[in-house]
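Residue numbering for the sequence shown follows the working numbering, starting at 37 and increasing by one per position.
For each residue, glycine too, the CB sits at the ideal point set by N, CA and C.
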Amino acid sequence: MTRNVLICVVKSPKDLNMILRSRLYRIPQSHAPKRKLRYVAFYQPVSTQENLGLIKMRPQGFDGLIRYWASVRKIETVKRRDIVRDEPEHPRANEPYYLLHLGPCRTLPQPILNQRRMRVTFGFTTLGKLKNCREVKELFDLPPIEEMVEEYVKATGFPYRREYTIRLTPKKRWRLDFALFLKTSRLGIECDGFRSHRRADQKQKDKIKDADLSVLGWRILRLSEGEIMNDQKACREKIAAALKS
Numbered sequence: 037m038t039r040n041v042l043i044c045v046v047k048s049p050k051d052l053n054m055i056l057r058s059r060l061y062r063i064p065q066s067h068a069p070k071r072k073l074r075y076v077a078f079y080q081p082v083s084t085q086e087n088l089g090l091i092k093m094r095p096q097g098f099d100g101l102i103r104y105w106a107s108v109r110k111i112e113t114v115k116r117r118d119i120v121r122d123e124p125e126h127p128r129a130n131e132p133y134y135l136l137h138l139g140p141c142r143t144l145p146q147p148i149l150n151q152r153r154m155r156v157t158f159g160f161t162t163l164g165k166l167k168n169c170r171e172v173k174e175l176f177d178l179p180p181i182e183e184m185v186e187e188y189v190k191a192t193g194f195p196y197r198r199e200y201t202i203r204l205t206p207k208k209r210w211r212l213d214f215a216l217f218l219k220t221s222r223l224g225i226e227c228d229g230f231r232s233h234r235r236a237d238q239k240q241k242d243k244i245k246d247a248d249l250s251v252l253g254w255r256i257l258r259l260s261e262g263e264i265m266n267d268q269k270a271c272r273e274k275i276a277a278a279l280k281s
């Protein structure tokens, strides 16, 4: 089957309202996938937001699952300021966006859960998988590299967190696949899947991320999908060496 269903991320109630009521969804042209799409499905992440030091959950419905999908009827290029008219001073107000005009939004018979807390960005799947999968990771046929690395991390005996978020500013944050808390330092381990980390823009983003986190005292170890899948001994040795350094 054709992979023509784009999985999108809905980050706010305002965006969800635009999807459900206005049947519109926007994608920054600079981040848009190149492949043609016929349908879109919407992932609503679990996340927290900080307000004066208090941490509270996102509004009801943003619970780490996919429940809505729709057909794409038309795509046009529009500046952000003409889509979100009440944010004329937004930093990207003059940047071009793809505005997707949608058919009626439909609800999946059963929501697709993100039980493994996989990091979700734009990605394609088939309509059949969208209707039949029960776990987000099943949509993309991704090798279980994070699960494999977690076994190595567990074996170290050090306390760790998966999908650990580090906030740099109120508007900028990074997430680590694994965060290990050592006695005198902190180690972040990133699992670089081939599909998501092969692009030049993502590689540049990874460099910025590593630099930002190093300023905060984090050491970052990156393991490629090829290393994880094909040389488990070397991966274990790299983790062990990083823990000692």
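Counterpart residues of residue i in DSSP-defined beta bridges
{"i": "SER260", "result": "ASP228"}
{"i": "ARG142", "result": "TRP105"}
{"i": "VAL76", "result": "LEU42, ALA106"}
{"i": "HIS137", "result": "LEU60, LYS110"}
{"i": "PRO132", "result": "LYS115"}
{"i": "ILE148", "result": "ILE102"}
Residue range of the beta strand (DSSP E) that includes residue i
{"i": "LYS173", "result": "No beta strand (DSSP E) holds LYS173; DSSP gives it neither H nor E."}
{"i": "CYS44", "result": "41–45"}
{"i": "GLN65", "result": "No beta strand (DSSP E) holds GLN65; DSSP gives it neither H nor E."}
Proximity of residue i and residue j at Cβ, strictly below 8 angstroms
{"i": "THR161", "j": "VAL41", "result": "yes"}
{"i": "LEU149", "j": "TRP210", "result": "no"}
{"i": "LEU216", "j": "VAL189", "result": "yes"}
{"i": "ILE181", "j": "GLU261", "result": "yes"}
{"i": "ALA77", "j": "ILE111", "result": "no"}
{"i": "LEU218", "j": "LEU138", "result": "no"}
{"i": "VAL82", "j": "GLY100", "result": "yes"}
{"i": "SER232", "j": "GLN240", "result": "no"}
{"i": "ARG142", "j": "VAL108", "result": "no"}
{"i": "PRO64", "j": "GLU131", "result": "yes"}
Given residue i as reference, the closest of the options once Cα atoms are compared
{"i": "THR205", "options": "LEU136, TYR133, LEU252", "result": "LEU252"}
{"i": "LEU166", "options": "TRP254, LEU175, VAL108", "result": "LEU175"}
{"i": "PRO69", "options": "ARG39, SER48, LYS50, LEU259", "result": "ARG39"}
{"i": "ALA129", "options": "VAL114, HIS137, ILE202", "result": "VAL114"}
{"i": "ILE256", "options": "GLY229, GLN146, LYS280, GLY224", "result": "GLY224"}
{"i": "PRO140", "options": "PHE194, ARG155, TYR196, ILE55", "result": "ILE55"}
{"i": "LEU136", "options": "ARG116, ILE202, GLN268, PRO147", "result": "ARG116"}
{"i": "ASP242", "options": "PRO124, ARG153, ASP213", "result": "ASP213"}
{"i": "PHE194", "options": "CYS227, ALA276, GLU131, GLY164", "result": "ALA276"}
{"i": "ARG203", "options": "VAL82, GLN65, LYS245, TYR134", "result": "LYS245"}
{"i": "GLY164", "options": "PRO64, TRP105, GLN80", "result": "TRP105"}
{"i": "THR220", "options": "TYR200, LYS50, ALA278", "result": "ALA278"}
{"i": "GLU226", "options": "GLU263, LYS207, ARG103", "result": "GLU263"}
{"i": "GLN80", "options": "GLU123, SER107, MET154", "result": "MET154"}
{"i": "TRP254", "options": "ASP118, ARG222, GLN65", "result": "ARG222"}
{"i": "GLN268", "options": "GLU131, ARG235, GLU183", "result": "GLU183"}
{"i": "ASP177", "options": "SER48, PHE230, ARG103, ARG234", "result": "PHE230"}
Endpoints, alpha helix (DSSP H) assigned at residue i
{"i": "ASP118", "result": "116–119"}
{"i": "ILE275", "result": "268–280"}
{"i": "ALA247", "result": "236–251"}
{"i": "PRO124", "result": "First-last for PRO124: undefined, no H or E at that position."}
{"i": "LEU52", "result": "49–53"}
CB contact below 8 angstroms: residue i versus chain C
{"i": "PRO69", "result": "Of the chains in the structure shown, none is chain C; there is only one protein chain."}
Jot down the residue ranges of each uninterrupted beta strand (DSSP E) in the region 154–213, minimum 3 residues, whole runs only, in chain order. 159–161, 196–205
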